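Some notes on the structure that comes next.
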Amino acid sequence: MNKYVNPEVFSPLPVNDNEIMLVASGDLRQSANKECWPVQRELETKISEAFRNEGFHTIRAHKFDQNEGHGFISSQRMGMDVFKNIHPESRLIVAVAVWQYSHHVLAGLSDHKGPILTIGNWSGQWPGLVGLLNLNACLVKKGIPYSTIWSKDFTDEFFVNGIREWLTNGTITHDCSHVHDFCIKKLPNYDRKLGEALAQHLRKEKAILGVFDEGCMGMDNAIIEDNLINSMGIFKERLSQSALIASMNLVSDQEAFAVFDWLKRRRVTFIFGSDPETELTREQVLAQCKMYIAATRISHDFGCAAIGIQYQQGLKDMTPASDLAEGLLNNNDRPPVYHKVTGEELYSKQALPHFNEVDEGAAVDMLVTNRVWRAIGLSPVTTLHDVRWGEYYENEDISDFVWLFQISGAAPADHFRGGYSSARSERQPPMYFPLGGGTLKGVGKPGEIVWSRVFIQDNVLHADLGRGKVILLPKGETQRRWNCVTTQWPIVNAILYGLNRDQFMARHKANHINIVYAPNAKLADTALGIKAAMMHEMGIVVHLCGI
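Offset between the sequence shown (1-based) and my numbering: plus 5.
This is the structure we're talking about:
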């Protein structure tokens with residue numbers, strides 16, 4: 006008879022009552038981890054000091070790696086190994102100062118029994134708040150209890166009171182009184198019926214989301230399981246980024262030059278240099294033009310209503326960034342793309358919504374926006390942005406908290422003050438984009454907006470909808486804020502109605518926010534109501550924020 010040896014299961018020792026374990030999730034790209042490590046180290050030093058003032062000692066659960074030059078958890082396997090040495094009932098902090106891949110720590114957090122606290126630094130330098138919101142959204146989707154808090158210097162009353170509550174009760178209570186469940190009975194009859202009709206039409210005719218390599222940025226919250234959307238009439242076409250490369254190889258140089266010339270005629274400014282390692286070159290831009298054409302043709306071939314390119318592992322090592330192509334796809338006015346055989350123009354004079362980083366919550370949102378705005382005769386040009394940062398601003402005209410939204414070069418020109426003629430294309434930062442490529446950079450035009458987010462909670466789709474406006478700040482202030490974030494990327498300065506900074510952060514279940522313009526406040530309110538009605542009829546649980 007065979008003898009079997011049971012594997013040894015290691016059980017970590019419990020920590021003392023005044024000790025707290027700390028982990029730091031990082032990027033999968035080691036160049037970014039090394040570059041961003043000093044900011045993470047500074048965050049952890051300040052956190053440790055804050056908890057020491059409360060009589061508690063923080064213990065790092067993983068060491069600084071001398072060979073790699075950073076102390077981040079940099080893979081899912083590493084995260085699993087780190088959590089094996091953390092007692093499941095210990096207090097645990099996830100400290101976030103940078104963009105991080107949430108799946109590095111999700112496996113360990115999923116069976117952790119002790120109180121979990123996610124902490125972010127209120128800074129725009131690296132996308133730490135973006136990483137924090139993504140991690141929080143992933144925890145919500147997984148049903149993992151957690152608390153969260155953020156601070157600029159970790160000595161303010163908001164932060165200190167928050168961690169004291171967590172140390173005492175294991176939770177932090179935030180003010181979410183700005184959130185109200187949508188009541189469809191309060192809508193005008195016409196708006197309600199139009200929203201319901203649009204949802205019923207979608208359910209009958211159906212729509213396809215073209216998904217290029219789902220989930221490779223570690224954003225579990227960005228993956229919507231098929232069973233949650235199929236009944237709405239939304240289905241996925243799962244596509245490979247290798248197919249995108251193959252299709253790019255079939256695009257002629259002449260076709261790429263035609264797109265480039267179209268952009269030059271629209272007076273887009275390209276900031277070219279000679280060193281492809283650090284500067285933008287024409288060859289990089291022409292490759293992006295080929296990607297734009299290839300993505301449009303693939304979308305047409307599969308009958309997609311929207312697409313998402315996951316420009317990360319694999320693709321980043323084979324071709325310049327996808328962002329320029331993404332920004333063009335999201336615009337009504339864009340370079341024409343023709344069918345290779347029939348010669349017909351594809352998606353003629355209409356945006357082909359692109360959901361950056363294959364964020365499927367944004368995809369569902371953009372699909373609904375596109376149908377509602379077109380139905381009432383408004384421009385459906387929409388995009389998502391990272392919730393990057395923000396500050397209170399005051400002058401003779403403004404006295405409010407002004408958010409800074411920013412995405413990696415993928416914003417549509419119709420959202421810029423001055424359109425294409427004001428847009429610049431600069432090389433993507435080398436630490437994120439080794440093969441470069443140009444952005445589509447501009448300043449968000451002033452106007453009324455509807456903002457939104459679709460997310461998963463308790464295995465059900467929810468949507469938060471709100472109103473706001475994009476404002477123009479003085480040129481010097483705009484540049485100062487740009488210098489606080491990524492200067493190569495587009496910028497939107499926005500005020501959100503009816504909620505403050507901490508209410509938004511406590512509630513928002515995503516690293517991304519969708520925005521779309523309306524000509525005036527009245528039409529924005531109407532469009533929001535119809536959108537809410539359509540989502541409600543689709544089976545999405547709708548919440549109005551600040552309204």
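Built from N, CA and C at the ideal position, the CB exists for glycine as well. Keep in mind it's a predicted model, so treat the numbers as computed, not measured.
Would you call the CB atoms of N560 and C143 closer than 7 angstroms?
-> Absent from the model: residue 560. The displayed extent of the chain is 6 to 552, so no value can be given.
With distances taken from CA atoms, which of V103, K474, E349 and V216 is nearest H75?
-> V103
So which of K269, Q130 and W267 has the shortest CA-CA distance to L48?
-> Q130
By Cβ distance, which residues of its chain are closer than 7 angstroms to R393, with the 5 residues on each side in sequence left out?
-> G129, P132, L134, V135, L409, F410, Q411 and V490
Since E431 sits in a beta bridge, which residues does DSSP pair it with?
-> According to DSSP, which records beta bridges pairwise, E431 is partnered with nothing at all.
Go ahead and pull the three-state DSSP assignment for F159.
-> coil
The stretch 512-528 touching the stretch 433-444, judged by at least three CB pairs closer than 8 angstroms | no
Considering I461, what are the terminal residues of the beta strand (DSSP E) in which it resides?
-> Secondary structure note for I461: its beta strand (DSSP E) is the uninterrupted segment G452 to Q462.
Which value, in whole angstroms, describes the spacing of the CA atoms of S413 and I121?
-> 30 angstroms
List the DSSP bridge partners of K8.
-> Per DSSP, none; premise fails for K8.
Proximity below 7 angstroms, CB of F275 to CB of C294 | With a cutoff of 7 angstroms on beta-carbon distance, F275 and C294 are scored as not near each other.
Can you name, in chain order, every residue of its own chain whose Cβ lies under 6 angstroms from the Cβ of C221, other than the five neighbours on each side?
-> Q315, Q317 and Q318
With DSSP run on the structure shown, which of helix, strand or coil describes A356?
-> DSSP places A356 in the coil class of the three-state scheme, outside both helix and strand.
Mind the definition here: the stretch 62-75 touches the stretch 161-170 only if three or more C-beta pairs lie below 8 angstroms; say whether that holds.
-> no
Residues near A267 in its chain [Cβ-Cβ closer than 7 angstroms; skip 5 each side] | Going by the sequence as given, residue 267 is Trp instead of Ala. Here the set comprises P340.
Closest residue to R270 among F421, G395, T176 and Y425 (Cα-Cα distance) = Y425
From the DSSP output, which residues share a beta bridge with E260?
-> None, per the DSSP bridge assignment.
Of the residues G125, L18 and Y151, which one's Cα is nearest the Cα of K51?
-> Ranking the options by Cα distance to K51, first place goes to G125.
How long is the line joining the alpha carbons of M253 and P281, rounded to whole angstroms?
-> 20 angstroms
If N337 sits next to A356, beta carbons under 8 angstroms apart, how far is it from one beta carbon to the other, in whole angstroms?
-> 5 angstroms
Count the CB pairs spanning the stretch 378-387 and the stretch 522-539 that are closer than 8 angstroms, and state whether there are at least three.
-> yes
What does L389 pair with, by DSSP beta-bridge criteria?
-> N519
Straight-line gap, I545 to R472 (C-alpha atoms, nearest Å) = 19 angstroms
Can Q246 and L320 be called in contact, C-beta distance under 7 angstroms?
-> yes
Leaving out five residues on either side along the sequence, give the residues of the same chain with a beta carbon under 6 angstroms from the beta carbon of S152.
-> L122, W171, T176 and I177
So K446 and R429 are in contact, right, with Cβ under 8 angstroms, and what is the actual spacing, rounded?
-> Contact holds; Cβ gap of about 5 angstroms.
Closest Cα partner of N464 within the set I234, L528 and A326 | I234
How about F307 and G215: do their beta carbons lie closer than 7 angstroms?
-> yes
Flag this pair as touching only if the stretch 384-391 and the stretch 473-488 have three or more C-beta atom pairs under 8 angstroms; answer yes or no.
-> no
Helix, strand or coil: which one does DSSP assign to R46?
-> Helix.
From the DSSP output, in three-state form, read off A112 for me.
-> helix
Continuous beta strand (DSSP E) stretch holding G3: start and end = Outside the displayed range of the chain (6 to 552) lies residue 3, so it cannot be described from this structure.
First and last residue of the beta strand (DSSP E) that includes I314?
-> A311 to I314
Contact under 7 angstroms by Cβ, G366 with F460 = yes
Range covered by the alpha helix (DSSP H) that runs through G84 = Looking at the DSSP string, the run of the alpha helix (DSSP H) that includes G84 is Q81 to F88.
As assigned by DSSP and simplified to three states, the class of W171 | If DSSP states are grouped into helix, strand and coil, W171 belongs with the helices.
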